[in-house]
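Contents: one structure, followed by commentary.
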Amino acid sequence: MSLIVQKFGGSSVANAESIKRVAKRIVETRKAGNEVVVAVSAMGDTTDDLLDLAHAVAPIPAPREMDMLLSAGERISMALLAMAIESLGHDARSFTGSQAGMITDARHGAARIVDVTPVRLREALDEGAIVIVAGFQGFNRDTKDITTLGRGGSDTTAVALAAALNADICEIYTDVDGIFTADPRVVPKASKIDRITSEEMLELAANGAKVLYIRAVEYARRHGVTLHVRSSFNNNEGTIVYNPSETEPAVEEPMIAGVATDLSEAKITVVGVPDIPGKAAQIFTIVAKTGANIDMIVQNVSAASTGLTDISFTLPKSEGQLVLTALRAEQEETGFKALQYDDQIGKLALVGAGMRTNAGVSAKLFTALFDAGINIEMISTSEIRISVVTRADTINDALRVVHTAFGLDADEEAVVHAGTGR
Ligand code: ADP
Ligand code: ASP
Ligand code: MG
1 MSLIVQKFGG
11 SSVANAESIK
21 RVAKRIVETR
31 KAGNEVVVAV
41 SAMGDTTDDL
51 LDLAHAVAPI
61 PAPREMDMLL
71 SAGERISMAL
81 LAMAIESLGH
91 DARSFTGSQA
101 GMITDARHGA
111 ARIVDVTPVR
121 LREALDEGAI
131 VIVAGFQGFN
141 RDTKDITTLG
151 RGGSDTTAVA
161 LAAALNADIC
171 EIYTDVDGIF
181 TADPRVVPKA
191 SKIDRITSEE
201 MLELAANGAK
211 VLYIRAVEYA
221 RRHGVTLHVR
231 SSFNNNEGTI
241 VYNPSETEPA
251 VEEPMIAGVA
261 TDLSEAKITV
271 VGVPDIPGKA
281 AQIFTIVAKT
291 GANIDMIVQN
301 VSAASTGLTD
311 ISFTLPKSEG
321 QLVLTALRAE
331 QEETGFKALQ
341 YDDQIGKLAL
351 VGAGMRTNAG
361 VSAKLFTALF
371 DAGINIEMIS
381 TSEIRISVVT
391 RADTINDALR
401 VVHTAFGLDA
411 DEEAVVHAGT
421 GR
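In this note's numbering, the protein residues as written are 1 to 422.
Structure follows, in structure tokens:
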């Protein structure tokens with residue numbers, strides 16, 4: 001008997017009809033002779049709606065209460081899904097994150113899983129039940145409080161369950177047919193990818209492809225879990241995310257796996273920094289103390305006449321004000337002249353393991369953007385990625401021209417089955 005973990009995202013359980021459809025699918029998997037564990041997200045845009053409500057009653061909601069609130073979304077969908085399965089004549093039991101043994105650290109809103117103790121799940125499976133677990137939530141042993149894993153965190157719940165229960169496969173059901181070479185909502189001619197390495201998927205997820213949550217991909221990579229991302233609206237084969245190994249080496253690597261974009265970052269420029277050793281260290285020590293996640297960094301050549309230089313870096317918009325305040329507080333000591341804040345930037349990342357052995361990828365990327373009249377403001381590279389920063393309002397055009405330039409356009413348009421893309 002195989003053990004299959006299935007995760008259904010919010011758009012797959014958006015209303016009663018969808019829940020019944022998903023219940024049928026789960027039952028079919030059970031009837032085929034498998035043990036089934038399901039991780040489920042909150043219905044439709046529930047999490048966003050709850051967030052809006054919280055901000056309507058408090059400008060800065062308390063993190064503990066926010067997690068109490070948001071975890072309610074998955075509690076609703078898990079119970080409804082279990083009921084729908086029961087009404088099809090199968091035994092189903094729902095569990096909250098803490099009942100399922102999802103032990104996390106205490107960081108509200110961005111908790112990390114530190115242990116999984118699925119004792120009750122194993123018992124329920126042994127009794128022949130289908131197990132439904134609320135995604136996105138956990139429990140901290142020290143504070144004894146409920147935590148959430150960060151937006152998109154139900155993916156991590158599914159992967160962690162698959163690892164802890166030694167599942168044969170972890171299926172991620174969503175509103176598109178798999179992982180595409182770009183977001184099919186923005187690039188209708190995006191092509192479906194059959195197989196992608198976890199290394200490439202990590203880069204895509206880190207750069208805005210929200211089809212999989214980055215921490216879920218990290219977890220799957222670390223624990224050797226193979227993922228199958230597919231549609232809950234049809235039976236088509238989706239995309240396999242795998243860890244190449246000696247026994248299963250990477251398939252013939254295409255030069256480019258995909259392109260992702262991200263509008264969630266802002267740029268801070270520290271203007272007029274004395275060009276002497278130690279200044280970058282001083283500035284980034286101040287930034288590090290805030291806990292902010294820095295992405296790209298660029299330092300200009302200093303003007304010989306002034307001996308001053310500018311340093312720019314990007315970071316999540318949500319951390320912008322915090323970092324500006326911290327830098328301002330130490331302006332005198334650091335000796336810079338001014339700070340500029342720009343939240344109208346967009347980032348595009350071209351990802352592919354084949355870049356390692358192919359020259360000319362950057363030239364092709366820059367030429368495509370130049371031909372479309374799009375200005376590049378920052379550039380950074382890794383072994384398998386090239387990222388550029390442009391104006392936010394040109395990012396979708398940039399995505400489409402780059403997709404075409406690298407020959408990624410499909411003949412047919414991709415289908416987006418549901419969801420608001422929110
Ligand atoms: P779920 O609710 O199932 O977790 P998400 O909205 O989190 O679904 O993720 C699915 C969405 O991810 C798709 O509807 C699509 O718009 C978006 N997406 C972004 N980049 C990609 C990509 N490269 N391939 C497929 N989908 C992508
Ligand atoms: N409901 C949560 C969210 O919207 C978790 C998830 O769907 O993965 O982010
Ligand atoms: Mg998601």
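The C-beta atom is built at its ideal place from N, Cα and C for all residues, glycine as well.
The structure presented is a predicted model; accordingly, all values stated were derived computationally and were not measured.
| Check | Outcome |
| --- | --- |
| With 16 other Cβ atoms within 10 Å as the buried cut-off, status of Q340 | exposed |
| Whole-angstrom distance between S198 and R75, CA atom to CA atom | 30 Å |
| Close-in-space but distant-in-sequence residues of the same chain around V361 (CB under 6 Å, 5 per side omitted) | M355 |
| Buried versus exposed call for K144 [16 or more other C-beta atoms within 10 Å across all chains shown] | exposed |
| Under 8 Å between C-beta atoms of S264 and T174 | no |
| Run of the alpha helix (DSSP H) containing G73, from where it starts to where it stops | 63 to 86 |
| contact_flag[the segment 252 to 262, the segment 188 to 206] where n(CB pairs < 8 Å) is 3 or more | yes |
| C-beta contact flag for S154 and A39 at 8 Å | yes |
| The ligand ASP heavy atom lying under 7 Å from the CB of D155 | yes |
| Euclidean distance between Cα positions of A216 and G135 | 12 Å |
| T96 beta carbon near the ligand ASP (any heavy atom closer than 7 Å) | no |
| Beta-carbon spacing of I103, V119 below 8 Å | no |
| Pair within 8 Å by beta-carbon distance, R110 and S77 | First, the residue type needs correcting, since residue 110 is Ala and not Arg in the sequence shown. Not a contact, by the Cβ cut-off of 8 Å. |
| Reference I286; option with closest CA among E332, L308, S245, Y242 | E332 |
| Straight-line gap, E65 to T404 (C-alpha atoms, nearest Å) | 46 Å |
| DSSP state of I196 mapped onto helix, strand, coil | strand |
| Proximal residues to G152 (C-beta, below 7 Å), its chain only, five neighbours per side dropped | K210, Y213 |
| Cβ-based burial, G128 [other Cβ within 10 Å; buried from 16] | exposed |
| Nearest-angstrom Cα separation, counted from G89 out to M296 | 54 Å |
| Range of the contiguous beta strand (DSSP E) that encloses S387 | 385 to 391 |
| Cutoff 6 Å; reference A338; Cβ partners in own chain excluding five residues on either side | V271 |
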